[in-house]
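Before any comments, here is the structure.
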Amino acid sequence: MDVLHSLMLGFSVALTPTNIFYAFFGCIVGTVIGVLPGIGPLCTIALILPTTFSMNPTSAMIMMCAVYYGAQYGGSTTSILINVPGESASVMTCIDGYQMARNGRAGVALAISGISSFVCGTLSVVALMLMAPPLAKFALSFGPPEYFSLMLMGLTTIVFLGGKSIVKSIISIILGLLLGLIGVDPVGGVNRFTLGSLELIDGIDFIVVVMGIFGIGEVLVSAEERMKISILKTKISGLIPSLKDMKDSIGAMIRGFFIGFIIGVLPGTGATIASFLSYATEKMVSRHPEEFGKGAIAGVAGPEGANNAAVAGAMVPLFTLGIPGSGTAAVMLGAMMMWGLRPGPLLFVQHPDFVWGIIASMYIGNIVLLILNLPLVPLFAAMLRVPYSILYPFILILCTTGVYSLDGSMFDVYLMFFFGVIGYFVKKLDFPPAPIVLALILGPMVERALYQSLTISHGSFSILVTRPYSAVFLVMVCIVLTVPVIRWWRQKKKA
Amino acid sequence: MAGILLLILSVAAIVGSGDLIYKVEFSPGAGFFPFWLGVSLLILSLMLLLKNTVLKSPVTEENPLPGREALLRILSILGSLLVGILLFERIGFLITMFSVVAFLLIYLEKYRWYSGILISLAMVFAVYGIFKIWLNVPLPLGLFHG
Numbered sequence: 001m002d003v004l005h006s007l008m009l010g011f012s013v014a015l016t017p018t019n020i021f022y023a024f025f026g027c028i029v030g031t032v033i034g035v036l037p038g039i040g041p042l043c044t045i046a047l048i049l050p051t052t053f054s055m056n057p058t059s060a061m062i063m064m065c066a067v068y069y070g071a072q073y074g075g076s077t078t079s080i081l082i083n084v085p086g087e088s089a090s091v092m093t094c095i096d097g098y099q100m101a102r103n104g105r106a107g108v109a110l111a112i113s114g115i116s117s118f119v120c121g122t123l124s125v126v127a128l129m130l131m132a133p134p135l136a137k138f139a140l141s142f143g144p145p146e147y148f149s150l151m152l153m154g155l156t157t158i159v160f161l162g163g164k165s166i167v168k169s170i171i172s173i174i175l176g177l178l179l180g181l182i183g184v185d186p187v188g189g190v191n192r193f194t195l196g197s198l199e200l201i202d203g204i205d206f207i208v209v210v211m212g213i214f215g216i217g218e219v220l221v222s223a224e225e226r227m228k229i230s231i232l233k234t235k236i237s238g239l240i241p242s243l244k245d246m247k248d249s250i251g252a253m254i255r256g257f258f259i260g261f262i263i264g265v266l267p268g269t270g271a272t273i274a275s276f277l278s279y280a281t282e283k284m285v286s287r288h289p290e291e292f293g294k295g296a297i298a299g300v301a302g303p304e305g306a307n308n309a310a311v312a313g314a315m316v317p318l319f320t321l322g323i324p325g326s327g328t329a330a331v332m333l334g335a336m337m338m339w340g341l342r343p344g345p346l347l348f349v350q351h352p353d354f355v356w357g358i359i360a361s362m363y364i365g366n367i368v369l370l371i372l373n374l375p376l377v378p379l380f381a382a383m384l385r386v387p388y389s390i391l392y393p394f395i396l397i398l399c400t401t402g403v404y405s406l407d408g409s410m411f412d413v414y415l416m417f418f419f420g421v422i423g424y425f426v427k428k429l430d431f432p433p434a435p436i437v438l439a440l441i442l443g444p445m446v447e448r449a450l451y452q453s454l455t456i457s458h459g460s461f462s463i464l465v466t467r468p469y470s471a472v473f474l475v476m477v478c479i480v481l482t483v484p485v486i487r488w489w490r491q492k493k494k495a
Numbered sequence: 496m497a498g499i500l501l502l503i504l505s506v507a508a509i510v511g512s513g514d515l516i517y518k519v520e521f522s523p524g525a526g527f528f529p530f531w532l533g534v535s536l537l538i539l540s541l542m543l544l545l546k547n548t549v550l551k552s553p554v555t556e557e558n559p560l561p562g563r564e565a566l567l568r569i570l571s572i573l574g575s576l577l578v579g580i581l582l583f584e585r586i587g588f589l590i591t592m593f594s595v596v597a598f599l600l601i602y603l604e605k606y607r608w609y610s611g612i613l614i615s616l617a618m619v620f621a622v623y624g625i626f627k628i629w630l631n632v633p634l635p636l637g638l639f640h641g
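Same order as they appear, the protein sequences are chains L and U.
For the first sequence, the working numbering assigns the number 1 to the initial residue and increments by one for each residue that follows.
For the second sequence, the working numbering assigns the number 496 to the initial residue and increments by one for each residue that follows.
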């Protein structure tokens, strides 16, 4: 009853004309950037952040969330029609989605990905709604040691599930943590790594890093290979999937929901990994694994559902613990802090209208997106005719202006340029870029939690092990860290 | 390539330990965190370097370096952006951003000059509209301000 009551409060917030408008607007922006290759939700949310300073935080967050899950809907369109993922979480959709389109089933593929996104998106909002409040209540008992261990666990799960190489993932994280050190240290007030520059005392703004790496850096990588986009010249017809299609994909949807939501909840892992795992699972459980890669409908329904479920999943640790579940959620966390909200378990108590308004608006947004995506798919597909040669100069000036608008500081703009070059090399050398952002935002929080813990215990590290929850998290860290070692050892034994 | 990387990384580590003066106080000081980050980074980068050179089994496949033509493209994009942001405050948002976009479209992407100019104008005014008119962000107007 309590949940229903809160949800009613949420809908009373989400259904005001302003908030409906922002949810709708966010859905459209999300779908558009999802469709356009080369710009993803992480960069977009950082880009629209400066526009939200004069807005009510609830409306702003409603818009950001809508962009986030809207991008998961839109990303599938390019994957299916031109075999280019609109954003990273749609990579797996390319495999079977594009094959379906080549077999003349583009309409069905688009429809099933829309339906699957809707089903899993909605289910995961229900799960978020039921899971978050008790978790928040539980987390109220957490002190600095628990937070430190929990964040450490988050950072290690990125390593475990994050990229192709563990060493490179850890390096990305450490790079992010090092960037987070710049500025006044959170405890003693000493300047660190500021190189005597006044501008660096406040630290490096994460927006600058995001726009550099994900905006400018991405443009450089894509500009290198002139994109030869050829839209499949099939008519998008037969949008309504047959009963058999539905039967073939319903299982994949449900599994996609569970995988996506759980992966989303785990701190540090997001939609991309969820869709990879879902695809692998579908291939494993399928009775016709040989169909995968040749246009299996489950290979579209599973990953597309999973990446949507992961979005709501990522909101669970963000709202209850103040720990981001993915790179994009990390940017949202930064945004919440900029608006003066303190993310964490108290959010449900102090700002119920904020949290529940967003949850309620996610129901609305999913319906909006289903409507937007099914009949309007040809319209969004037409947007693909906008050539990248027009798109990338636009991204360049948007990022430049966006960074300048933060503070009116040219120093930030130069810094963004610098991170653009860094971002290019990060991608070229195959380091995962998202952990850098995540670690940059988490870094100061981790450090502060550690110092506070050690101050409580008068400098003894035993406090991290003697507090039961903290100990449990640390044991999990150890387990996560030993799994790859065991795997490596086994492989070596075999060889 | 990984060698250059190592160099940068170990420099970061050294700078980290240079800050170490603050290490031991009542509880760990400002140098504690940077020091351990630097040390772990040093170990990791050594691992990376060892695998790439001695063991000849790179950790992951690195993407090939750009060819001559691609490199030129990247450099022209970076160069025009750099010139643009260096002049940004001096001659103003409208002119610099317009020139950057027009240069990229006409010179690099081989648009006809009139369509290049039209697209750049539309783009710059769209961004101007969002930031200056809608959001009221003070953008440098430069020459237009006198």
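We treat Cβ as the ideally placed atom computed from N, Cα and C, and that holds for glycine.
- The three-state secondary structure of V184 (chain L), taken from DSSP, is strand.
- At a cut-off of 9 Å, the C-beta of P145 (chain L) has no neighbouring C-beta in chain U.
- Here the region 305-312 of chain L lies against the region 72-92 of chain L, with 3 or more beta-carbon pairs under 8 Å apart.
- A direct Cα-Cα distance of roughly 12 Å separates I456 (chain L) from R448 (chain L).
- Cα atoms of K492 (chain L) and A60 (chain L): separation of roughly 51 Å, rounded to the nearest angstrom.
- In chain order, V67 place their CB closer than 6 Å to the CB of V29 (chain L), counting only its own chain and leaving out the 5 sequence neighbours on each side.
- Judged by DSSP in its simplified three-state form, R385 (chain L) adopts coil rather than helix or strand.
- Note on S116 (chain L): 16 or more other CB atoms within 10 angstroms of its CB, so buried under the neighbour-count rule.
- Chain-order list of chain U residues neighbouring G40 (chain L): empty, with the shortest C-beta distance near 18 Å, by a criterion of under 7 Å.
- Distances from the CA of I39 (chain L) to each of L:Y147, L:S222, L:D202 were compared; the closest alpha carbon is that of L:S222.
- Minimum Cα-Cα distance from R467 (chain L) among the listed residues L:S453, L:L15, L:G10 corresponds to L:S453.
- Residues of chain L with a Cβ closer than 8 Å to the Cβ of F620 (chain U) do not exist, since the nearest Cβ in that chain sits about 11 Å away.
- E564 (chain U) sits exposed, since fewer than 16 C-beta atoms from the chains shown fall within 10 Å of its C-beta.
- Around the Cβ of L532 (chain U), a 10 Å sphere holds 16 or more other Cβ atoms; the residue is buried.
- Along the region 255-270 of chain L, there is no position whose C-beta sits under 9 Å from a C-beta of chain U.
- A residue is called buried once 16 or more other Cβ atoms fall within 10 Å of its Cβ, and M8 (chain L), having fewer, is exposed.
- By the 16-neighbour rule on beta-carbons within 10 angstroms, L566 (chain U) is exposed.
- Spatial neighbours of H288 (chain L) in its own chain (CB-CB distance under 8 Å, excluding positions within 5 residues in sequence) are listed in chain order as A296.
- Membership of E218 (chain L) in the alpha helix (DSSP H) is indicated by the continuous run 217-224.
- Cβ atoms of G121 (chain L) and A312 (chain L) come within 8 Å of each other, at about 7 Å.
- Assignment of R342 (chain L) by DSSP, reduced to helix, strand and coil, places it in the coil class.
- For K605 (chain U), the number of other beta carbons within 10 angstroms of its own is below 16, and it is reported as exposed.
- Note on geometry: alpha-carbon atoms of L321 (chain L) and V534 (chain U) lie some 30 Å from one another.
- Contacts with chain L at 9 Å (Cβ-Cβ) include L600 (chain U).
- Burial state of D248 (chain L) is buried, judged by a 10 Å Cβ sphere holding 16 or more other Cβ atoms.
- Note that the C-beta distance between C43 (chain L) and E199 (chain L) is not below 9 Å.
- Closest by C-alpha distance to R385 (chain L), out of L:A14, L:A439, L:V32, is L:V32.
- Here L155 (chain L) really is in contact with L442 (chain L); their C-beta atoms are around 7 Å apart, less than 8 Å.
- Going by beta carbons, V355 (chain L) and G10 (chain L) fall inside the 9 Å limit.
- Residues of chain U whose Cβ lies closer than 8 Å to the Cβ of P393 (chain L) are, in chain order, V595, V596, L599, L600, S615, M618.
- The region 105-115 of chain L and the region 131-150 of chain L do not touch, with fewer than three beta-carbon pairs separated by less than 8 Å.
- The three-state reading of DSSP puts R585 (chain U) in helix, counting H, G and I together.
- Three or more Cβ pairs drawn from the region 586-604 of chain U and the region 615-631 of chain U lie within less than 8 Å of each other, which places the two stretches in contact.
- The CB of S535 (chain U) comes closer than 7 Å to the CB of I174 in chain L, given here in chain order.
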